[in-house]
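Chemist:
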DNA sequence: CGATTCGGTCAACGCTCGTACAATGAGCCG
DNA sequence: CGGCTCATTGTACGAGCGTTGACCGAATCG
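Below, the structure is given as structure tokens:
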């Protein structure tokens, strides 16, 4: 059961640290996404990363800070082009490659409201971008509904897994959702 | 600081018990809905109900059982009529009067997967009913998407409260969602 | 009226959690 | 090589949790 002694010991101390820290962060993301904030324990993350719990504290300071780092989203960019198609592209991306960080937030924000500070900022920006792309008087409400719908579908597919949405192909889902997004983001027959 | 001595002492012991049990259950529902399963404590529920924590255990046996009782949904009936309109009615109901038991489940199912047994059964029945009302080859997927969408909107309106969906009038939301449901539950141009 | 039931309280248990801190030992630099 | 740095470990503490069981006192019953 030798650890990693037979491998290249060519790792400098800084490399070692970066690698370990990344391993902890990956374990944290996976665990937060699977269990949510409360049921995730420092010890569990440490064990999954193959290190001691004290080390997690040493690197991240607190569970709260670890969550904040794990839940940092890369960049939620809305593709250019016709709003409905752009939103479909965004949806498809979140259907296919499971964005773990996104699930971390989604699951934990529902459990641990205090840990959602940064998320609310990012969500507001995302909503603004959708709203700006929707040519209607009630753009804000339409953007909110679009965001809610995407959230609902992602939750169902990756977290709840109660229906056919969990197993269906992304193509089929996107095809069915196209008229939905066209209706909400489409022509500007808004009531405003 | 006399308790309730000046009121009618006409309560029999059985009445007293039923009333206390109902008070605990109401407190549990509110707390589970607000905090989720993990952050809800027996002591907290007991305190909110004005009783001792031991009594909650005495009446419900365990936290798990208390949750199961609190999360018991009354009846998730789908109105008759045209599928899209029936779904809109169902959505409107969940937009208006906040169905606390439903939020209990929704919030906690995302946190405490083990506590979701009964919920999954109820959800499956609900999905079947939607699917049966949708005349298309891919009815199951359509039903799943409809359910996901309703879930997403309800979560946004009652739990996340990040966008205009939280404050908009139910009428406006229903109006914008009508074409959505018509598209998903409407005419049977399914791919099957 | 005395005995019994039972709604309700209180104090304590064992456990797990986040966190703190001293110790260890291998890498780094002069 | 010798001292220093620092990644990593082990241990322990205090708090809060679910849960238990002894106990009290008023309602109930014969």
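Residue numbers (the working numbering), protein chains in the order written: chain R, 21 to 212; chain P, 21 to 212. Heads up, the beta-carbon is just placed ideally off N, CA and C, and yes, glycines get one too.
Excluding sequence positions up to five away, which residues of its chain have a Cβ less than 6 Å from the Cβ of residue 170 of chain P?
Modeler: The count along the second chain starts at 1 and reaches residue 170 of chain P at position 150. Closer than 6 Å at the Cβ level, and outside the excluded window around residue 170 of chain P, lie 111.
Chemist: Is there a C-beta anywhere in chain P that falls below 9 Å from the one on residue 186 of chain R?
Modeler: Looking up residue 186 of chain R in the first chain gives position 166. So, interface residue.
Chemist: For the putative contact between residue 91 of chain R and residue 128 of chain R, defined by C-beta atoms under 8 Å, what is the C-beta separation to the nearest angstrom?
Modeler: Working through the first chain from its first residue, we reach residue 91 of chain R at position 71. Working through the first chain from its first residue, we reach residue 128 of chain R at position 108. That pair is a contact at about 7 Å.
Chemist: From the beta carbon of residue 77 of chain P, is the nearest beta carbon of chain R less than 9 Å away?
Modeler: Counting from 1 along the second chain, the entry for residue 77 of chain P is found at position 57. False, the Cβ-Cβ gap to chain R never drops below 9 Å.
Chemist: Counting only beta-carbon atoms, is residue 138 of chain R nearer than 9 Å to chain P?
Modeler: The residue given as residue 138 of chain R occupies position 118 in the first chain. No, because no Cβ of chain P sits closer than 9 Å to the Cβ of residue 138 of chain R.
Chemist: Using a Cβ cut-off of 7 Å, which residues of the region 39 to 59 of chain P contact any Cβ in chain R, in chain order?
Modeler: 56, 58, 59
Chemist: Under three-state DSSP, which class holds residue 71 of chain P?
Modeler: Translated into positions along the second chain, residue 71 of chain P becomes position 51. Looking at residue 71 of chain P - three-state DSSP - the assignment turns out to be coil, as it is neither helix nor strand.
Chemist: Shortest alpha-carbon distance to residue 152 of chain R belongs to which of R:113, R:116, R:41, R:98?
Modeler: Within the first chain, the letter at position 132 stands for residue 152 of chain R. Checked all of R:113, R:116, R:41, R:98; the closest Cα to residue 152 of chain R is R:98.
Chemist: So that I know if they touch, is there some Cβ in chain P lying closer than 9 Å to that of residue 169 of chain R?
Modeler: As a working note, residue 169 of chain R is residue 149 in the first chain. Yes, its Cβ sits closer than 9 Å to a Cβ of chain P.
Chemist: Quick check on residue 176 of chain P: buried or exposed, where buried means 16 or more other Cβ atoms within 10 Å of its Cβ?
Modeler: For this step, residue 176 of chain P is matched to residue 156 along the second chain. Counting Cβ neighbours within 10 Å, residue 176 of chain P comes out buried, since at least 16 surround it.
Chemist: With a threshold of 7 Å on Cβ separation, who are the neighbours of residue 33 of chain P within its own chain once the five nearest residues in sequence on each side are excluded?
Modeler: Residue numbering aside, residue 33 of chain P sits at position 13 when the second chain is read from its first letter. Cβ within range, chain order: n/a, list empty.
Chemist: For residue 65 of chain R, name the three-state secondary structure that DSSP assigns.
Modeler: For the purposes of this step, residue 65 of chain R is identified with residue 45 of the first chain, where counting begins at 1. Three-state DSSP puts residue 65 of chain R in a helix.
Chemist: Below 7 Å on C-beta distance, what does residue 199 of chain P contact in chain R?
Modeler: The residue you call residue 199 of chain P lines up with position 179 of the second chain. Neighbours of residue 199 of chain P on chain R, chain order: 203.
Chemist: Can you look up residue 236 of chain R in the DSSP assignment and give me helix, strand or coil?
Modeler: Chain R is shown from 21 up to 212; residue 236 of chain R falls before or after that span and cannot be answered.
Chemist: Can you tell me the Cβ-Cβ gap for residue 156 of chain R and residue 162 of chain R, rounded? I've got them flagged as a contact below 8 Å.
Modeler: Mapped onto the first chain, residue 156 of chain R falls at position 136. Mapped onto the first chain, residue 162 of chain R falls at position 142. Contact holds; Cβ gap of about 6 Å.
Chemist: According to the neighbour-count rule (16 or more other Cβ atoms, all chains shown, within 10 Å of its Cβ), is residue 200 of chain P buried or exposed?
Modeler: For the purposes of this step, residue 200 of chain P is taken as residue 180 along the second chain, with counting starting at 1. Under this definition residue 200 of chain P is a buried residue.
Chemist: Buried or exposed: where does residue 70 of chain P fall if 16 or more other Cβ atoms within 10 Å of its Cβ makes it buried?
Modeler: Residue 70 of chain P sits at position 50 when you count from the first residue of the second chain. It counts as exposed.
Chemist: Does the Cβ of residue 61 of chain P have 16 or more other Cβ atoms within 10 Å, making it buried, or fewer, making it exposed?
Modeler: Position 41 of the second chain, counted from the start, is the residue given in the question as residue 61 of chain P. It counts as exposed.
Chemist: Just checking my contact of residue 174 of chain R with residue 108 of chain R at CB under 8 Å: how many whole Å lie between their CB atoms?
Modeler: Residue mapping note: residue 174 of chain R aligns to position 154 of the first chain, counting from 1. Residue mapping note: residue 108 of chain R aligns to position 88 of the first chain, counting from 1. About 14 Å; that fails the 8 Å criterion.
Chemist: For residue 168 of chain R, count neighbouring Cβ atoms within 10 angstroms of its own Cβ and tell me buried if that reaches 16, exposed if not.
Modeler: Translated into the one-based positions of the first chain, residue 168 of chain R becomes position 148. Result: buried.
Chemist: Residue 130 of chain R and residue 51 of chain P: beta carbons closer than 9 Å?
Modeler: Translated into positions along the first chain, residue 130 of chain R becomes position 110. Translated into positions along the second chain, residue 51 of chain P becomes position 31. It is not a contact, given that the beta carbons lie outside the stated cut-off.
Chemist: Identify which residue in R:89, R:181, R:202, R:35 has its Cα closest to the Cα of residue 166 of chain R.
Modeler: Mapped onto the first chain, residue 166 of chain R falls at position 146. If we check each option's Cα against that of residue 166 of chain R, R:202 comes out closest.
Chemist: List the residues of chain P that residue 175 of chain R touches, going by C-beta distances under 8 Å, in chain order.
Modeler: Stepping through the first chain from its first residue, residue 175 of chain R is reached at position 155. The CB of residue 175 of chain R comes closer than 8 Å to the CB of 130, 168, 171, 172, 175 in chain P, given here in chain order.
Chemist: Within 10 angstroms of its Cβ, does residue 42 of chain P collect 16 or more other Cβ (buried), or is it exposed?
Modeler: Residue numbering aside, residue 42 of chain P sits at position 22 when the second chain is read from its first letter. Flag for residue 42 of chain P reads exposed.
Chemist: Could you give the C-beta distance for residue 80 of chain P and residue 57 of chain P, rounded to a whole number, given that I count them as a contact under 8 Å?
Modeler: Position 60 of the second chain, counting from 1, holds the residue named residue 80 of chain P. Position 37 of the second chain, counting from 1, holds the residue named residue 57 of chain P. Their Cβ separation, rounded to whole angstroms, is 14 Å, which puts residue 80 of chain P and residue 57 of chain P out of contact at 8 Å.
Chemist: Establish whether the CB of residue 67 of chain P and some CB of chain R are separated by less than 9 Å.
Modeler: Your numbering for residue 67 of chain P matches position 47 in the second chain. So no, residue 67 of chain P is outside the interface.
Chemist: So within the region 136 to 207 of chain P, which uninterrupted alpha helix (DSSP H) runs reach at least 4 residues, ignoring any that extend past its ends?
Modeler: 137 to 153, 159 to 174, 190 to 205
Chemist: For residue 17 of chain P, report the span of its alpha helix (DSSP H) as first-last.
Modeler: Because chain P in this structure spans residues 21 to 212, residue 17 of chain P falls outside the shown range and cannot be described.
Chemist: With a cut-off of 9 Å, does the C-beta of residue 62 of chain R fall near any C-beta of chain P?
Modeler: For the purposes of this step, residue 62 of chain R is identified with residue 42 of the first chain, where counting begins at 1. Cβ-Cβ to chain P under 9 Å: no for residue 62 of chain R.
Chemist: Going by beta-carbon coordinates alone, are residue 143 of chain P and residue 182 of chain R separated by less than 9 Å?
Modeler: Residue 143 of chain P sits at position 123 when you count from the first residue of the second chain. Residue 182 of chain R sits at position 162 when you count from the first residue of the first chain. It is a contact, given that the beta carbons lie within the stated cut-off.
Chemist: Does residue 107 of chain P come within less than 9 Å of chain R when only Cβ atoms are used?
Modeler: By 1-based counting over the second chain, the position of residue 107 of chain P is 87. The C-beta of residue 107 of chain P comes no closer than 9 Å to any C-beta of chain R.
Chemist: Between the alpha carbons of residue 197 of chain P and residue 105 of chain R, how many angstroms are there, rounded?
Modeler: Numbered from its first residue, the second chain carries residue 197 of chain P at position 177. Numbered from its first residue, the first chain carries residue 105 of chain R at position 85. So the alpha carbons of these two residues sit roughly 19 Å apart.
Chemist: When you compare each of P:191, P:195, P:113 to residue 204 of chain R by their alpha carbons, which one comes out closest?
Modeler: As a working mapping, residue 204 of chain R is identified with position 184 in the first chain. With distances taken between Cα atoms, residue 204 of chain R lies closest to P:195.
Chemist: Please classify residue 53 of chain R as buried or exposed, where buried requires at least 16 other C-beta atoms within 10 Å of its C-beta.
Modeler: The residue you call residue 53 of chain R lines up with position 33 of the first chain. Buried, by the Cβ-count rule.
Chemist: Out of curiosity, what's the CA-to-CA distance linking residue 78 of chain P and residue 35 of chain R?
Modeler: Position 58 of the second chain holds residue 78 of chain P. Position 15 of the first chain holds residue 35 of chain R. One C-alpha to the other measures close to 56 Å.
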